[in-house]
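Quick note on this note's numbering: the sequence shown kicks off at 3 and runs consecutively.
A short write-up of the structure that comes next.
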Amino acid sequence: MTLDQLESGQTCVIDHVDTSDPAVLRLMTLGLVEGSEIELASTAIGGDPLEFHLYGNAISLRREQARYIQVSPKAGA
C-alpha cells in the first residue's frame, strides 16, 4: 500500500521510499524515511494535497508524490 491509499486518521509505518523522483528524495529530509510512523490527517477538497502528521509536524504532499512511499499498517492499530 502507498501513502495515497490511506484513509483519514489511519496510522502506518513507512516501509520503502522510491527515490527515483528527485522531489521525493528531498522529502526524506522532512523525516519521510523507512521506519517512520505517519498518519493521514486530512485531504483537501478535491483530494489533493494530502496532509500528514509526522514527528509532531504537519506536512502536505501531492498524491503523485505520496505514491512513491510504501507503508504498512502500524502494529496494534
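Note that the Cβ used here is the ideal one computed from N, Cα and C, for glycine as well.
C-beta atoms of arginine 69 and proline 51 nearer than 7 Å
no
For serine 44, the nearest candidate out of Ser38, Ser22, Gly37 and Ile61 (CA to CA):
Ile61
Do serine 10 and leucine 42 have their beta-carbon atoms positioned less than 7 Å apart in this structure?
yes
Please list the segments of the alpha helix (DSSP H) lying wholly inside the stretch 7-33, counting only runs of 4 or more residues, in order along the chain.
24-29
Alanine 60, enclosing beta strand (DSSP E) - first and last residue:
59-63
Over what stretch of residues does the beta strand (DSSP E) that includes leucine 5 continue unbroken?
Looking at the DSSP string, leucine 5 is not in any beta strand (DSSP E), and its letter there is neither H nor E.
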